[in-house]
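Its first residue numbered 5, the sequence shown is counted upward by one per residue in the numbering used here. Where a beta carbon is used, it is the ideal one built from N, C-alpha and C, also for glycine. Here's the structure we're looking at; comments come further down.
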Amino acid sequence: MLLSGNTILITGGTSGIGRALAEAFHQRGNRVIIAGRRQALLDEISAAHPGMQGMPLDADDARAVGAFALEIGERFPDLNVLINNAGISKPEDFTANSVDLSAARAIIQTNILGVLEITAALLPTLERQPASTIITTSSGLAFMPRANFPTYCASKAFLHSWLQSLRFQLRKTPVEVLELIAPYVQTELTGQSQAADPHAMPLADYVAEVMQMLEQPIPPSGELLARRAEALRWAEKNGEYEQLFSARNGR
Ligand SMILES: NC(=O)c1ccc[n+]([C@@H]2O[C@H](COP(=O)([O-])OP(=O)(O)OC[C@H]3O[C@@H](n4cnc5c(N)ncnc54)[C@H](OP(=O)(O)O)[C@@H]3O)[C@@H](O)[C@H]2O)c1
């Protein structure tokens with residue numbers, strides 16, 4: 005994809021990776037629309053970046069997604085990039101006496117069904133363009149779970165599989181399908197401490213790497229694999245899966 009002149013919708017654009025991508029694309033001369041639930045942040049971020057638009061969206065609400073897509077089609081008929089980035093992460097304990105599935109339900113709703121709903125609703129607009137791109141944020145954890153985040157990791161493994169099928173189904177259309185395989189990054193995804201965790205990649209460095217990857221020829225796999233996620237992505241192929249799983253999760 006070209007890195008300027010696009011009309012780009014970024015879900016989860018109110019914070020973390022989505023916000024930083026929105027700012028990077030805006031700086032490079034793209035029309036950027038950010039979406040999320042926190043109206044105050046949509047207002048603040050769009051005001052700080054003249055031309056950027058903020059649109060409220062709860063990806064968990066299928067009816068709202070339909071109305072949102074209709075509005076996008078009317079206001080931004082030239083939309084040619086969708087960045088499916090909204091996501092949540094919560095730990096879960098399946099050894100508890102009474103297992104609480106509320107976190108699992110919420111994660112499946114936002115990280116899986118939300119992505120499918122938005123993609124399906126916006127595909128007609130994307131398919132009308134001469135060239136368009138869907139970028140979806142998965143994770144290195146799609147390939148090697150952190151065992152205390154079971155449904156979160158599985159949701160990203162779901163996206164990895166689903167994106168391969170989507171890419172294949174759309175191969176004869178103008179829509180390219182990319183997977184952003186993110187490493188552990190300093191955002192508030194799991195709470196404030198993650199944003200200051202020295203083991204996590206600084207957000208600005210990660211977004212700079214994403215923009216660099218987008219400048220290079222895209223591999224046929226459609227995977228934008230961050231260097232810091234390579235060990236997880238290739239652990240099985242490299243015969244290191246069990247060793248790395250134990251090293252990361254304990255015994
Ligand atoms: N940070 C990491 O280490 C890491 C690693 C791999 C992958 N990722 C993925 O990167 C993506 C962005 O996460 P982040 O790390 O930047 O965390 P973040 O700062 O918490 O961002 C999450 C974004 O998702 C939005 N969101 C959550 N639920 C939503 C809903 N129901 N409807 C609409 N928007 C919703 C939030 O906006 P509102 O609250 O305003 O709705 C927020 O903008 C996620 O998909 C995450 O799984 C992150």
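In the three-state reduction of the DSSP assignment, L83 falls in the coil class, being assigned neither a helical nor a strand state. C-alpha of S143 to C-alpha of A161: approximately 8 Å in a straight line.
Here V36 has I12, A26, F29, H30, M56 as same chain residues with Cβ atoms under 6 Å from its own Cβ, once five neighbours each way along the sequence are excluded. The stretch 27 to 67 contains, as complete alpha helix (DSSP H) runs of 4+ residues, the segments 43 to 52 (chain order). Residue state for V69 is assigned as helix, using DSSP reduced to three classes.
T137 is classed as buried because its beta carbon has at least 16 other beta carbons within 10 Å across all chains shown.
By the Cβ rule, the stretch 228 to 240 does not count as touching the stretch 122 to 135, because fewer than three pairs are nearer than 8 Å.
Residues R41, A68 of the same chain have their beta carbon placed closer than 7 Å to that of D62, with the five preceding and five following residues left out of the count.
The three-state secondary structure of S143, taken from DSSP, is coil.
Bridge partners of E180 according to DSSP: T137. Counting the other Cβ atoms within 10 Å of the Cβ of Q216 gives fewer than 16, which makes it exposed. DSSP, read as helix, strand or coil, puts V211 in helix. In the DSSP assignment, I21 forms no beta bridge with any residue. Ranked by Cα distance from D97, the first of A151, L74, L117 is A151. Shortest gap from the CB of N89 to any heavy atom of ligand 1: under 7 Å.
Not one heavy atom of ligand 1 falls within 7 Å of the beta-carbon of Y245.
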